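Visitor: Once you've had a glance at the structure underneath, I'll fire off some questions.
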Amino acid sequence: MGSFHLLKTMFLYRSLIGLIYPGNGLTFLFIFPFISYLVAAACLQSLWSLVLAIVDAYALLVGRRLQNPRVVSLFAVGDGVTSILTFAAACASAGITVLIGNDLGACGKNHCTEFETATAMAFLSWFTALPSFLLNFWSLASR
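Start counting at 1 in the sequence shown, then tack on 6, and there's your number in the numbering used here.
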């Protein structure tokens, strides 16, 4: 599971870097509210993933199995909530990016490439978060 957590953290950081690189600054967080939602969801997901990666690494180093029902239920609920938030933010960002790019035709002044990259990385992060949620939920349900 640790590799899933590190992989989704990597995708989320790439998504955030694509949005907030030195050329753009933080200006579009105020112009486009959907980007603020994507940044907030990505920060929450990355913090959750880092905590789970640290817990997994600690369990491997100590040699303990994390099969306590309370811990597994906490992991399942946390993974479920953060993956739903990430998916919703990615869908909102994809919809607004399509609106800006295709419908309004205003990609030149609105950094559509950065939005599309950040949205794609958010979807990839969700695709890596989903197996973690499903495996934790399966482990909880099989008790």
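Glycine residues also receive a C-beta, built at the ideal position from the N, C-alpha and C atoms.
Predicted model only: the values in this text are computed from it and were never measured.
Determine the DSSP secondary structure at G69, reduced to helix, strand or coil.
Guide: G69 falls in the coil class under three-state DSSP.
Visitor: What is the residue span of the alpha helix (DSSP H) that N142 lies within?
Guide: Where N142 is concerned, the enclosing alpha helix (DSSP H) stretches over C118 to A147.
Visitor: Go ahead and label T125 buried or exposed: buried means 16 or more other beta carbons lie within 10 angstroms of its beta carbon, across all protein chains shown.
Guide: Buried, because 16 or more other Cβ atoms sit within 10 Å of the Cβ of T125.
Visitor: Where do the ends of the alpha helix (DSSP H) carrying I90 lie?
Guide: From DSSP, the alpha helix (DSSP H) with I90 extends over P75 to V104.
Visitor: Just the Cα atoms here: how many angstroms apart are L53 and S138?
Guide: Near 15 Å, if we compare the C-alpha coordinates of S138 and L53.
Visitor: Do A98 and S131 have their C-beta atoms closer together than 9 Å?
Guide: No.
Visitor: How would you call N74, buried or exposed, if buried means at least 16 neighbouring beta carbons within 10 angstroms?
Guide: Answer is exposed; the Cβ neighbour count stays below 16.
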